[in-house]
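Notes follow once the structure below has been shown.
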Amino acid sequence: IDVIISSFVLSASSLFTQSHKGRAFTLLRHPVDTAASNFVKRKGRSKDLRDLELELHQYVSQDWYPDNYMVRQLSGVLPGDTITEHHMDLAKNLLSAKFFIGIVEEMEETVRQLQ
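Each position in the sequence shown, counted from 1, maps to that position plus 92 in our numbering.
If you want it as C-alpha coordinates, here you go:
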(Lines of atoms letter the chains of each structure in order from A and count residues from 1; the text may use other names and numbers.)
(Lines give C-alpha, C1' and ligand atoms only; values in the text may rest on other atoms or scores of the structure.)
Protein backbone atom coordinates (compact mmCIF):
# COMPACT_ATOMS: atom_id res chain seq x y z
CA ILE A 1 0.00 0.00 0.00
CA ASP A 2 1.47 3.34 -1.03
CA VAL A 3 -1.30 5.73 -0.01
CA ILE A 4 -4.39 5.58 2.15
CA ILE A 5 -6.90 8.41 2.07
CA SER A 6 -9.40 8.35 4.89
CA SER A 7 -11.51 10.60 7.07
CA PHE A 8 -11.41 7.87 9.70
CA VAL A 9 -7.97 8.38 11.22
CA LEU A 10 -8.25 5.96 14.12
CA SER A 11 -9.54 3.16 11.90
CA ALA A 12 -6.94 3.77 9.20
CA SER A 13 -4.13 3.74 11.77
CA SER A 14 -4.85 0.07 12.48
CA LEU A 15 -3.41 -0.75 9.03
CA PHE A 16 0.08 0.18 10.19
CA THR A 17 2.44 -1.91 12.31
CA GLN A 18 6.06 -1.77 13.52
CA SER A 19 7.12 -3.49 10.29
CA HIS A 20 4.76 -1.54 8.01
CA LYS A 21 5.04 2.04 9.16
CA GLY A 22 3.11 4.93 7.72
CA ARG A 23 3.47 8.68 7.59
CA ALA A 24 0.45 10.87 7.99
CA PHE A 25 -0.42 14.33 6.80
CA THR A 26 -3.57 16.33 6.85
CA LEU A 27 -4.76 19.51 5.23
CA LEU A 28 -6.80 21.63 7.60
CA ARG A 29 -9.01 24.57 6.85
CA HIS A 30 -10.85 27.00 9.07
CA PRO A 31 -13.88 25.29 10.66
CA VAL A 32 -16.25 28.04 9.47
CA ASP A 33 -15.01 27.58 5.89
CA THR A 34 -15.53 23.83 6.22
CA ALA A 35 -19.05 24.27 7.60
CA ALA A 36 -19.96 26.73 4.84
CA SER A 37 -18.64 24.42 2.13
CA ASN A 38 -20.49 21.41 3.54
CA PHE A 39 -23.66 23.50 3.84
CA VAL A 40 -23.56 24.53 0.19
CA LYS A 41 -22.82 20.95 -0.97
CA ARG A 42 -25.54 19.39 1.17
CA LYS A 43 -28.08 22.04 0.22
CA GLY A 44 -27.41 21.33 -3.45
CA ARG A 45 -27.84 17.58 -3.00
CA SER A 46 -30.68 17.40 -0.50
CA LYS A 47 -34.21 18.45 -1.37
CA ASP A 48 -35.12 18.20 2.34
CA LEU A 49 -32.38 20.68 3.23
CA ARG A 50 -33.41 23.05 0.42
CA ASP A 51 -37.02 22.88 1.60
CA LEU A 52 -35.98 23.88 5.13
CA GLU A 53 -34.61 27.18 3.77
CA LEU A 54 -31.89 27.25 6.43
CA GLU A 55 -29.18 29.86 6.66
CA LEU A 56 -25.63 28.75 7.62
CA HIS A 57 -25.99 29.75 11.28
CA GLN A 58 -29.23 27.75 11.50
CA TYR A 59 -27.65 24.75 9.76
CA VAL A 60 -24.79 24.50 12.27
CA SER A 61 -27.26 24.81 15.17
CA GLN A 62 -29.23 21.70 14.18
CA ASP A 63 -29.06 18.65 16.47
CA TRP A 64 -27.92 16.50 13.54
CA TYR A 65 -25.06 18.82 12.52
CA PRO A 66 -21.71 16.98 12.93
CA ASP A 67 -19.98 19.51 15.20
CA ASN A 68 -16.26 19.24 15.96
CA TYR A 69 -15.83 16.48 13.41
CA MET A 70 -12.02 16.39 13.53
CA VAL A 71 -11.89 16.39 17.35
CA ARG A 72 -14.41 13.55 17.38
CA GLN A 73 -12.42 11.53 14.82
CA LEU A 74 -9.09 12.01 16.57
CA SER A 75 -10.30 11.41 20.12
CA GLY A 76 -12.90 8.72 19.42
CA VAL A 77 -15.90 10.70 20.73
CA LEU A 78 -19.17 9.57 19.19
CA PRO A 79 -21.72 11.98 17.69
CA GLY A 80 -24.07 13.16 20.42
CA ASP A 81 -21.50 12.67 23.20
CA THR A 82 -20.12 15.78 24.87
CA ILE A 83 -16.66 16.97 23.86
CA THR A 84 -14.49 18.20 26.72
CA GLU A 85 -11.18 20.05 26.94
CA HIS A 86 -9.59 16.65 27.51
CA HIS A 87 -10.82 15.47 24.09
CA MET A 88 -9.55 18.67 22.48
CA ASP A 89 -6.14 18.14 24.11
CA LEU A 90 -6.05 14.51 22.90
CA ALA A 91 -6.79 15.62 19.34
CA LYS A 92 -4.21 18.41 19.40
CA ASN A 93 -1.54 16.13 20.87
CA LEU A 94 -2.21 13.44 18.27
CA LEU A 95 -2.01 15.96 15.43
CA SER A 96 1.19 17.45 16.84
CA ALA A 97 2.92 14.10 17.41
CA LYS A 98 1.82 12.11 14.36
CA PHE A 99 0.95 14.43 11.47
CA PHE A 100 2.42 16.88 9.09
CA ILE A 101 -0.21 19.61 9.08
CA GLY A 102 -0.84 21.70 6.02
CA ILE A 103 -3.21 24.64 5.79
CA VAL A 104 -5.59 24.76 2.83
CA GLU A 105 -5.48 28.56 2.68
CA GLU A 106 -1.65 28.35 2.54
CA MET A 107 -1.42 25.61 -0.09
CA GLU A 108 1.71 26.92 -1.81
CA GLU A 109 3.65 26.89 1.46
CA THR A 110 2.14 23.51 2.41
CA VAL A 111 3.34 21.95 -0.86
CA ARG A 112 6.76 23.58 -0.47
CA GLN A 113 7.19 22.02 2.99
CA LEU A 114 6.04 18.60 1.78
CA GLN A 115 8.81 18.49 -0.87
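C-beta: ideal position from N, C-alpha, C; glycine also.
Out of curiosity, what's the CA-to-CA distance linking residue i and residue j?
i      : j      : result
GLY188 : SER153 : Looking at the sequence itself, residue 188 is Ser, so the reference to Gly does not match. Straight-line Cα distance between these residues: approximately 29 Å.
MET180 : ASN160 : 9 Å
PHE191 : GLN110 : 17 Å
LEU186 : ALA127 : 23 Å
THR202 : ALA116 : 14 Å
PRO123 : GLU147 : 16 Å
LYS184 : LEU119 : 14 Å
ASP151 : TYR157 : For clarity, residue 151 is Tyr in the given sequence; the question names Asp instead. Taking the straight line from one Cα to the other gives about 7 Å.
ALA104 : GLN207 : 24 Å
GLN205 : GLU145 : 42 Å
LEU182 : VAL169 : 11 Å
Rounded to whole angstroms, how far is the Cβ of residue i from the Cβ of residue j, which I believe are closer than 8 Å?
i      : j      : result
ARG142 : LYS135 : 6 Å
Count the other CB atoms within 10 Å of the CB of residue i; is the residue buried (16 or more) or exposed (fewer)?
i      : result
PHE131 : buried
GLY172 : exposed
GLY114 : exposed
Tell me residue i's beta-bridge partners as DSSP assigns them.
i      : result
ALA116 : PHE191
Specify whether the stretch 97 to 104 and the stretch 147 to 165 touch according to this definition: at least 3 beta carbon pairs, one from each stretch, less than 8 Å apart. yes
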